[in-house]
Amino acid sequence: MAEFSPKFKEALSLVQKPGRYTGGEPGCVYKDKSRVDVRMAFCFPDTYEIGMSFLGEKILYDILNRHENWWCERAFMPWTDMKEQMERLDIPLYCLESKDPLTDFDIIGFSLEYELAYTNVLAMLRLSGIPLRAADRDERWPLIISGGPCVCNAEPMADFFDVMQLGEGEQMLQDICAAVERGKKQGWNKEQLLLELAKIPGVYVPSFYDVTYREDGRIEAVTPNRPGVPARVTKAIVRDMDSFTPPENFVVPLVGAVQDRACVEVLRGCVRGCRFCQAGQLYRPFRERSPKLISDSARALCRNTGYDELSLSSLSTSDHSRLEEILDELNSWAEADHVSLSLPSLRVDNFSESLVEKTTKVRKSGLTFAPEAGTQRLRDVINKNLTEDEILNTCAQAFSGGWNNVKLYFMLGLPTETDEDVLGIAELVYKVIQAWKENAVNKKRGLRVHVATAYFVPKPHTPFQWEKQITPQEYLRRCKLLKSHFYSKSIVYDYHSPDLSRLEAVFARGDRRLGPVIEAAVENGARLDGWDEYFDYGKWLDAFEKCGVDVDYYTTRGFGEEELLPWDAIDVGVSKKFLLRERKRAYENLVTPDCRHGCAGCGANCLLKEVACDA
0 MAEFSPKFKE
10 ALSLVQKPGR
20 YTGGEPGCVY
30 KDKSRVDVRM
40 AFCFPDTYEI
50 GMSFLGEKIL
60 YDILNRHENW
70 WCERAFMPWT
80 DMKEQMERLD
90 IPLYCLESKD
100 PLTDFDIIGF
110 SLEYELAYTN
120 VLAMLRLSGI
130 PLRAADRDER
140 WPLIISGGPC
150 VCNAEPMADF
160 FDVMQLGEGE
170 QMLQDICAAV
180 ERGKKQGWNK
190 EQLLLELAKI
200 PGVYVPSFYD
210 VTYREDGRIE
220 AVTPNRPGVP
230 ARVTKAIVRD
240 MDSFTPPENF
250 VVPLVGAVQD
260 RACVEVLRGC
270 VRGCRFCQAG
280 QLYRPFRERS
290 PKLISDSARA
300 LCRNTGYDEL
310 SLSSLSTSDH
320 SRLEEILDEL
330 NSWAEADHVS
340 LSLPSLRVDN
350 FSESLVEKTT
360 KVRKSGLTFA
370 PEAGTQRLRD
380 VINKNLTEDE
390 ILNTCAQAFS
400 GGWNNVKLYF
410 MLGLPTETDE
420 DVLGIAELVY
430 KVIQAWKENA
440 VNKKRGLRVH
450 VATAYFVPKP
460 HTPFQWEKQI
470 TPQEYLRRCK
480 LLKSHFYSKS
490 IVYDYHSPDL
500 SRLEAVFARG
510 DRRLGPVIEA
520 AVENGARLDG
530 WDEYFDYGKW
540 LDAFEKCGVD
550 VDYYTTRGFG
560 EEELLPWDAI
570 DVGVSKKFLL
580 RERKRAYENL
590 VTPDCRHGCA
600 GCGANCLLKE
610 VACDA
């Protein structure tokens, strides 16, 4: 591990949590720089505690460092106290393993998990002394790349990245590193490197596409400006989940991460088809890992890291066709190894009595369910495929199994929502309380029902991508209406900030005209926007005004079905024809059965076959 310089020691002595910045955690990978051909800085644009909770980083860190001549290191957005000291002492942003500045690396990769982290990306580049815009960087600078779900609409951040990775990175990132290694050895310039990278499945090079606009502001065309560059970039996927063994060792954080436990991904994708859910569309098709591989990897991971809690990760863990077999495999050793199991992402309609029995040995923490809407009509609109009886029966089973805490997630502002639907949430919550009274086995502990409502954000690549977002004033009115109908002391009610969700909608559905806005906001001091204590909507409003951008254009306006959308050059495998069909069915209150009960023809399965598909 690299020694700390006097300036670095001084900075650490003046900040609240120096453990965020020292590195040296168990599980770190160190290599001899003289024997490394490609160095990559994996940058998470949020604090250490958030980034160290991100499973994707752990997976890619493990895969890249298996290559003897590649070295992947980590960097995070410093908290404001450390940022001030780094600027005062002229300490550039560095990676935790080597303490080398980001400018020493061949590749700097950012994971774009959340739109409100965009300012952190620019702040981290500025701390590194690296030009923000790709057009201002030649081959003397590191290659700046990004991945993550936000790349499904790459346009708001297109000016800042050389390469944006669409889809799953296990193989794609290795192919990028291999191309960078060849380019270094053969002396390629940046243009040659980018042309080579553009051949890799899932790689989008923003500078290779020109965007033109109509007089009314809508997009006229997105046109490739290099020969051989595809008009649309199709996402990369891992066809066989067992072909990549889950990591059997993690870097164990010195400062407690938000999710500080062992974690194994059990499946990828979703069979449900909720019409508001972007992740459910982006990660299609549905693919499972085998129970034996999950169990073996999990046991090795717990033993190597010392974790005593294991989480089974996915969008929908209880949709795994062999979940009970997985639990049997895990229970064969977990109790003896003093490891408790955590089962997030449980679905209301398949939380069975058998599942309750198999989880009697796990910690009885709160359960989380997401009915999303309070009435059956609106649940049908959003294709939740969930009835009130299923919700109440599941809660009854959980209460009879020993649980006393339940968290229920809903959204306000969904298409066609009325006040009757809003008040339906309150009615459902009181029925859940009644189910506890009738079924709880330990009433002395009392019941806690945590109700949370989110401000609906129409997201790209969903059937609701064309919808309008309701105004913040209307959203707050609906929150107030709902809160006025909560009388029980057992209920805790939280709702999301409308300013945050409005900004999220802008950048989820925006185009390249937002790049200058993000830059202007950073100049105004915007950073750590996902943190309540630092989010300042006024700084953003000033940036929009300076750049002449109308927020309503991307939010309350909605989009026409014939309109060219900013993300139409991105193919996530789900066809627009399918999304339009689903939107029409939503307005007819018609549900589409989940994928296990028949293929709805979204097109994603064609990604497994490498053939064209007319979904």
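For the sequence shown, numbering that gives the first Met the number 0 assigns the number 0 to the initial residue and increments by one for each residue that follows.
Built from N, CA and C at the ideal position, the CB exists for glycine as well.
- The continuous beta strand (DSSP E) containing G146 extends over residues 142-146.
- Scanning its chain for C-beta atoms nearer than 6 Å, with the 5 sequence neighbours on each side dropped, one finds around I517 the residues Y117, in chain order.
- At a Cβ-Cβ threshold of 8 Å, D215 and V270 do not count as neighbours.
- Our two residues, A519 and A40, have alpha carbons roughly 26 Å apart in a direct line.
- The Cβ atoms of A369 and F398 lie no closer than 8 Å to each other.
- DSSP places E264 within a strand segment (E or B) once states are collapsed to three.
- For N604, there is no enclosing alpha helix (DSSP H), as DSSP marks it with neither H nor E.
- Excluding sequence positions up to five before and after N248, its CB lies within less than 6 Å of the CB of G26, N303, all in the same chain and listed in chain order.
- Note that the C-beta distance between C273 and I381 is below 8 Å.
- Under the 10 Å beta carbon count, R511 is surrounded by 16 or more other beta carbons and is classified as buried.
- Take the alpha-carbon of E473 and the one of I569: they are about 33 Å apart.
- For P471, the enclosing alpha helix (DSSP H) starts and ends at 471-482.
- Within the stretch 150-200, the runs of beta strand (DSSP E) that reach at least 3 residues and sit entirely inside it are, in chain order, 162-164.
- Cβ atoms of G55 and S110 come within 8 Å of each other, at about 6 Å.
- Inclusion of D105 and R132 in the CB contact set at 8 Å is not warranted, their separation being larger than that value.
- With fewer than 16 other beta carbons inside 10 angstroms of its own, V491 counts as exposed.
- In this structure, P471 lies away from R508, with their beta-carbon atoms at least 8 Å apart.
- Under DSSP, F409 shares a beta bridge with E371, T452.
- Within the DSSP bridge table, the entry for W70 names R38 as partners.
- Here V221 is buried. Its C-beta has 16 or more other C-beta atoms within 10 Å.
- With a beta-carbon spacing of about 4 Å, G268 and F285 fall inside the 8 Å limit used to define contacts.
- Three or more beta-carbon pairs drawn from the stretch 163-172 and the stretch 147-154 are found closer than 8 Å, and the two stretches are therefore classed as touching.
- The DSSP-derived three-state label of N404 is strand.
- Around the Cβ of L13, a 10 Å sphere holds fewer than 16 other Cβ atoms; the residue is exposed.
- About 6 Å separates the CB atoms of I432 and S487; that is less than 8 Å, so the two are in contact.
- Secondary structure note for A220: its beta strand (DSSP E) is the uninterrupted segment 218-223.
- Judged by DSSP secondary structure, G26 falls outside any beta strand (DSSP E); it is assigned neither H nor E.
- For the pair A10 and M85, the CB atoms are nearer than the 8 Å cut-off.
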